[in-house]
Amino acid sequence: MTTTFEEEIRSQGEVLRARRAAGAAEAAWAAESLRGVTHLVVAARGSSDNAAVYFQYLAGQELGLLVALAAPSLYEGSRGVNLQGAGVLAISQSGRSPGMVEVLEHAHAQGCPTVVVTNDASSPLALAGEHVLELRAGHERAIASTKTLSATWHALAQLVDALGSGRLEGLEELADVVDRTADWALGEDLATDLLDVRGLTMVGRGVGYAAAAEIALKVREVSGVRAESYAAPDYLHGPIGADGDDCCAVIVVTDELSDAVLRELLKGCRESGMTTMVLRPSTRAVSVECDAEIVFPLTTPNWATGLVAVVVGQVLALRLGQVRGRPIDTSPRLSKVTLSA
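First residue of the sequence shown? That's 1 in our numbering, and the numbers climb one at a time after it.
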């Protein structure tokens with residue numbers, strides 16, 4: 001029996017295709033309001049926070065633009081920070097988080113332009129922003145987000161493209177890439193048995209780190225396996241020594257992760273007694289033995305490789321949840337909407 005989660009994984013390419021034209025127009029309009037800012041500040045939680053980290057790397061790499069994460073708790077009540085010179089973004093798939101609204105209120109009080117990324121254009125958050133990038137993903141029924149997440153990454157990529165006057169290579173083809181990746185991954189044997197362990201650690205760098213964080217969240221939500229994520233240098237600095245038998249490291253390879261660091265990661269994991277899985281594009285070979293490789297079926301620009309990895313990670317979460325007999329579409333005690341600050 002096909003789960004709702006799987007159906008929504010399959011639907012992501014069509015969602016991106018359907019929102020492409022209107023999303024580009026909204027991004028162009030929002031970009032005009034951000035032309036004079038010196039930096040951007042982004043407020044988000046959960047999967048949206050992982051999207052914000054992706055945006056942090058993408059805007060920095062493509063535009064040289066500094067992006068900071070807002071830490072919404074700093075804006076509660078009369079508290080706040082100096083936002084002068086900033087453009088402020090708030091990302092919430094539901095648009096119902098009061099903490100995000102508070103960040104925008106502080107931004108407005110300081111004269112900052114604001115942009116909201118949400119799936120509900122009539123939500124309190126959308127009404128609090130000057131510009132809205134609407135996800136247009138439709139109602140998402142599975143408790144773990146898929147199509148709203150990929151639509152968020154797409155909307156943020158469109159904003160970077162608009163700010164950079166159309167410099168983001170491969171943006172028009174992203175919907176097809178997501179479609180083909182989902183179809184491929186759902187039809188493959190992805191060595192999910194390696195992931196049915198005591199603990200999983202997802203590791204990446206740059207956009208690969210944002211992808212690793214999102215994959216860890218999805219795996220934990222859907223399968224119940226304790227999964228966490230690290231940027232590669234942070235993991236090598238110490239946490240790698242705390243993992244060991246009955247643990248697996250999943251390494252997301254993007255351009256930011258050098259061959260030397262990849263080798264060091266694989267060597268360190270093996271010495272710790274961990275198993276290893278590498279998610280990588282076909283353009284990157286692995287020179288040190290690992291227990292499993294998932295080689296992406298398409299060649300994409302680095303900025304898009306992160307989303308390819310996320311889609312593969314969604315399928316890994318699905319298959320692992322099925323192996324473990326989990327209720328895929330409900331995920332006990334998991335709330336669909338984040339209402340806290």
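Positions of the beta carbon are idealized from the N, C-alpha and C atoms, including for glycine.
Keep in mind the model is a prediction, meaning the values are calculated, not measured.
Margin query: Taking the alpha carbon of Ala285 as the reference point, which residue from Ile328, Asp259 and Glu32 has its own alpha carbon closest?
Written below: Checked all of Ile328, Asp259 and Glu32; the closest Cα to Ala285 is Asp259.
Note to self: Runs of 4 residues minimum, wholly inside the region 147–196: which ones carry the alpha helix (DSSP H) assignment?
What the structure shows: DSSP assignment within the region 147–196 yields the following whole alpha helix (DSSP H) runs of 4 residues or more, N-terminal first: 147–163 and 174–186.
Notebook entry, point to check: Among residues of its own chain, excluding the 5 on either side of Val101, which ones have a beta-carbon nearer than 7 Å to its beta-carbon?
Noted result: For Val101, where only same-chain residues beyond five positions count, the Cβ hits under 7 Å are Pro124, Leu125 and Ala128.
Next item on the list: Going by CA-CA distance only, name the one from Ala27, Ala52 and Ser47 that's closest to Glu214.
Entry: Closest option to Glu214, Cα to Cα, is Ser47.
Notebook entry, point to check: Under a three-way DSSP split, which group does Gly208 fall into?
Noted result: Correct three-state label for Gly208: helix.
Next item on the list: Please check the pair Ala212 and Ser223, which I expect to be a contact at CB under 8 Å, by giving their CB distance rounded to whole angstroms.
Entry: That belief does not hold up - the Cβ atoms of Ala212 and Ser223 are roughly 16 Å apart, past 8 Å.
Checklist line | Helix, strand or coil at His108 [DSSP, three-state] | finding: In the structure shown, His108 falls within a helical segment according to DSSP collapsed to helix, strand and coil.
Notebook entry, point to check: What is the C-beta distance between Val88 and Thr114, in whole angstroms, given that I count them as a contact (C-beta under 8 Å)?
Noted result: The C-beta distance from Val88 to Thr114 rounds to 5 Å, short enough to meet the 8 Å contact threshold.
Checklist line | Enclosing beta strand (DSSP E) for Ser229 [first to last residue] | finding: Counting along the chain, the unbroken beta strand (DSSP E) around Ser229 starts and ends at Arg226 to Ala231.
Checklist line | Spatial distance of Asp193 from Ala52 (CA atoms) | finding: Distance between the alpha carbons of Asp193 and Ala52 is about 31 Å.
Notebook entry, point to check: If you drop the 5 nearest sequence neighbours on each side, which residues of the same chain put their C-beta closer than 8 Å to that of Val311?
Noted result: If we look at Val311 and ignore the five residues flanking it on each side, its Cβ neighbours are Ile9, Gln12, Ser150, Val178, Thr181, Ala182 and Ala185.
Note to self: I need the straight-line Cα distance from Ala18 to Gly313, nearest angstrom please.
What the structure shows: Note on geometry: alpha-carbon atoms of Ala18 and Gly313 lie some 23 Å from one another.
Item checked: Cross-strand partners of Met277 (DSSP beta bridge) -> BP columns for Met277 point to Val250 and Ala292.
Next item on the list: Please determine if the region 137–151 and the region 258–275 are in contact, where contact requires at least 3 C-beta pairs separated by less than 8 Å.
Entry: At 8 Å Cβ cutoff, the stretches do not touch.
Next item on the list: Examine the Cβ distances between the region 297–308 and the region 200–208 and report whether three or more of them are shorter than 8 Å.
Entry: Look at the beta carbons and you see the region 297–308 touching the region 200–208: at least three pairs across the two are nearer than 8 Å.
Item checked: Per-residue burial, His39 [other beta carbons within 10 Å of its own, 16 or more giving buried] -> Under this definition His39 is an exposed residue.
Checklist line | Cut-off 6 Å between Cβ atoms - residues of its own chain near Ser388, not counting five sequence neighbours on either side | finding: Past the edges of the chain, shown from 1 to 341, lies residue 388, and the structure says nothing about it.
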